[in-house]
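S.K.: This is the structure, below, for whatever I ask next.
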Amino acid sequence: MTREINCLGLACPAPVLQVKEMLEKERPAAVTVVVDNEAARENVSRFLVHQGFQVTVARAGGEFRVTGTGGDEACEIMTDSELVAVAGGGGKKILVMVGTDKMGHGDDGLGTALLINFLKTLKEMGPELWRLVFVNSGVKLCVQRAEAVEILQELAAAGVSILVCGTCLNHFRLLDKKQVGETTNMLDIVTSMQVADSVINI
Amino acid sequence: MTGDSTRLTRTVRGAGCAAKLAPGDLDRALCGLDLPVDDNLLVGLERADDAGVYKISDELALVQTLDFFPPMVDDPHAFGRIAAANSLSDIYAMGGMPKTAMNIVAFPAKIMDISVLRQIIEGALSTLRGAGVVLVGGHTVDDSELKFGLSVTGFIHPRRILFKRKLRAGDRLLLTKPLGTGIVCTAIKAGLAGAEITARVTGNMAALNRVAAEIMADYPVSACTDITGFGFLGHLAEMVVDSGAGVRINPAALPLYPEALEWAAMGLIPAGAYNNRNFRGEFVRFAPGVDPAVQDLLFDPQTSGGLLIAVAADEAERLRSALLAAGVETAAMVGEVVTEPRERIVVE
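Sequence order for the protein chains is A and B.
If you're matching positions, the first sequence starts at 1 in my numbering and goes up one per residue.
If you're matching positions, the second sequence starts at 1001 in my numbering and goes up one per residue.
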């Protein structure tokens, strides 16, 4: 059975949201969406394709009938919370600020070794470890020949976000030596702190 | 924030620069008009640039611009900051220094508490203060939808104006903010954007292009514009038309909001992006294999986007480092100016 949705007079993103809301409740084999502007026609077509429908469009005067078929073979639609998760909105987030290339005070050799060990062990935090931010002499851990680079590349490959302060790299003349992470600025750092559920300072 | 009455984006049809009149329509309204003539008008409507320039003396010219739009975020203070940064941006893109500003306000007093307007203006003032610009007045009308913006006047040296169309073959192109704000704001309006992406895009839209403009003044920059409602390729097309040069863009180097790619694929694209593509699509050739979602982002109308700077190739890397060191969001080397294809844009 074909479900029909009337979206006449609606501007984007309203038509897409109406279709999305309907598909979250039921899964018809076919759906026809009636819209009256080009942008809504394209956006609704894309949304239906994205949801696994085959799409055809018929034009009548100033109206478009966008029809999606084969929806019963398609996979499950993503809910709002899943979409937010795609956008990085889910789970607890731990942010680790690394503002030094040594851990603690007393013996610098010991401090260097401790920090490497700390970074190696960080992965034990599991998926809650969200982001590492390197500032001041911490950026020296992210550049050529630094022992930590390999450890950090592994974390990055596992999905941990790594940000490296651009002002600090420039200060130590290391901008072109960076081997891991994204160069960042203070706005991103402040935003990260705001968004994180907990911030750990080293 | 509670309820839809305080969700500003739910009260309007369009969002930010995505609400701009389609560029083709604007051209039809303006073409062939009998414009007043004045020898001191250095940049006017007929050679549309980012802002108008009027010469006062051999050393000094006025640079003027106006921008206003419906809200693209829900927080009134943030909307004010973004509107101010967006309005000042045209002056920076010309190489000028903004000095004074006036509010332009359409306010739905029947459905919105007047404290919302106060927060918007407070937001705008905080950004103006950061830019060293004074607010000298404004005009407010009662309307069915909220709109806010500023008319800005600045100073510029008549011989140091940065035109859009002075592209020089061999120059590199640098872009100072990521692309995709129109799509992200559509997702905010739809209630799909999480806190992190909302905070990131808001911060970027509210960031002044002042630092980037001040730094580029010390480098051999041939042309500059700011990326707003016509999208990256729409504004780039304006640079290319009548310049005699062409542009090659490297899609892998483009700074994009990754979330915007996902939302583009599912059809959360503002109508303005389609208008921009219809108007400027003929100037652009995409190599096969360029992700359609990336193509959408390149036409996506930007609110308070970054500067697009054309700089001599041998100084490009130094400028890039200087911009990043000064804390500019991004300084991506997105392409180069070429001789062929003439007055066309190739994305490959």
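For glycine and all other residues, C-beta sits at the position ideal for the given N, C-alpha and C.
Given the structure is predicted, the values throughout are model-derived calculations rather than measurements.
With 8 Å as the threshold, decide whether the Cβ of glutamate 63 of chain A is near any Cβ in chain B.
M.R.: By this cut-off, glutamate 63 of chain A is not an interface position.
S.K.: Taking one C-beta from the region 1055–1071 of chain B and one from the region 1137–1152 of chain B each time, how about it: are there three or more such pairs within less than 8 Å?
M.R.: Segments in contact, yes.
S.K.: My understanding is that glutamine 1302 of chain B touches threonine 1181 of chain B, with C-beta atoms under 8 Å, so please give their C-beta distance in whole angstroms.
M.R.: Sure, about 5 Å apart at Cβ, within 8 Å.
S.K.: Taking Cβ-Cβ distances below 9 Å as the criterion, which residues of the region 1091–1111 of chain B are in contact with chain A?
M.R.: Result list empty, no residue passes.
S.K.: The beta strand (DSSP E) with alanine 58 of chain A in it runs from where to where?
M.R.: Element bounds for alanine 58 of chain A: 54–60.
S.K.: Using 8 Å as the Cβ pair cut-off and three pairs as the minimum, do the region 17–36 of chain A and the region 1232–1244 of chain B touch?
M.R.: Segments in contact, no.
S.K.: Alpha carbon to alpha carbon, how far is alanine 1213 of chain B from glycine 1132 of chain B? Give it in angstroms, no decimals.
M.R.: Distance between the alpha carbons of glycine 1132 of chain B and alanine 1213 of chain B is about 14 Å.
S.K.: Considering only the alpha carbon of each residue, which of B:Gly1191, B:Ile1188 and B:Lys1177 lies closest to aspartate 188 of chain A?
M.R.: Of the listed residues, the one whose Cα sits closest to aspartate 188 of chain A is B:Lys1177.
S.K.: What residue from B:Thr1011, B:Asp1226 and B:Ala1169 has the CA that sits closest to lysine 1110 of chain B's CA?
M.R.: With distances taken between Cα atoms, lysine 1110 of chain B lies closest to B:Thr1011.
S.K.: Does the region 1333–1347 of chain B come close enough to the region 1244–1254 of chain B to have 3 or more Cβ pairs within less than 8 Å?
M.R.: Segments in contact, yes.
S.K.: Since cysteine 1224 of chain B sits in a beta bridge, which residues does DSSP pair it with?
M.R.: Note: cysteine 1224 of chain B sits in a beta bridge opposite B:Ile1309.
S.K.: Would isoleucine 202 of chain A and valine 96 of chain A qualify as a contact pair, given that the criterion is a beta-carbon distance under 8 Å?
M.R.: Against a cut-off of 8 Å, the Cβ pair of valine 96 of chain A and isoleucine 202 of chain A comes out as a contact.
S.K.: Which one of B:Asp1171, B:Ala1195 and B:Leu1297 has the shortest CA to CA distance from leucine 1233 of chain B?
M.R.: Looking at the Cα atoms, B:Leu1297 is the closest of the given residues.
S.K.: In this structure, does DSSP put aspartate 1090 of chain B in helix, strand or coil?
M.R.: In the structure shown, aspartate 1090 of chain B sits in a helix (DSSP, three-state: H, G or I).
S.K.: Should alanine 1325 of chain B and glycine 138 of chain A be called a contact, given that it needs their Cβ atoms to be closer than 8 Å?
M.R.: The answer is no: Cβ separation not under 8 Å.
S.K.: Of all the residues that make up the region 1189–1207 of chain B, which are near chain A by a beta-carbon distance shorter than 8 Å?
M.R.: Flagged, chain order: Lys1189, Ala1190, Gly1191, Leu1192, Ala1193, Gly1194, Ala1195, Glu1196, Ile1197, Ala1199, Arg1200, Gly1203, Asn1204 and Ala1207.
S.K.: Could you work out which residues of chain B lie near leucine 17 of chain A, taking near to mean beta carbons separated by less than 7 Å?
M.R.: Within 7 Å Cβ-Cβ: Ala1190.
S.K.: Where alanine 39 of chain A and leucine 122 of chain A are concerned, what is the direct C-alpha to C-alpha distance, given to the nearest angstrom?
M.R.: Going from the Cα of alanine 39 of chain A to the Cα of leucine 122 of chain A covers about 47 Å.
S.K.: Using the C-alpha atoms, what's the distance from valine 143 of chain A back to glycine 1032 of chain B?
M.R.: Distance between the alpha carbons of glycine 1032 of chain B and valine 143 of chain A: 59 Å.
S.K.: What is the rounded straight-line gap between the Cα of asparagine 1086 of chain B and the Cα of histidine 50 of chain A?
M.R.: Distance between the alpha carbons of asparagine 1086 of chain B and histidine 50 of chain A is about 33 Å.
S.K.: Which class does lysine 1055 of chain B belong to by DSSP, given the choice of helix, strand or coil?
M.R.: Looking at lysine 1055 of chain B - three-state DSSP - the assignment turns out to be strand.
S.K.: Excluding sequence positions up to five away, which residues of its chain have a Cβ less than 6 Å from the Cβ of tryptophan 1263 of chain B?
M.R.: These residues qualify, in order along the chain: Ile1183 and Ala1187.
S.K.: What residues match up with glutamate 26 of chain A in a beta bridge as DSSP calls it?
M.R.: Partner(s): none; glutamate 26 of chain A has no beta bridge.
S.K.: What is the DSSP secondary structure of isoleucine 162 of chain A, counted as helix, strand or coil?
M.R.: If DSSP states are grouped into helix, strand and coil, isoleucine 162 of chain A belongs with the strands.
S.K.: Secondary structure at glutamine 153 of chain A, three-state DSSP: helix, strand or coil?
M.R.: Of the three classes helix, strand and coil, the one that applies to glutamine 153 of chain A here is helix, per DSSP.
S.K.: Which term fits glutamate 4 of chain A, buried or exposed, when burial requires 16 or more other beta carbons within 10 angstroms of its beta carbon?
M.R.: Exposed, by the Cβ-count rule.
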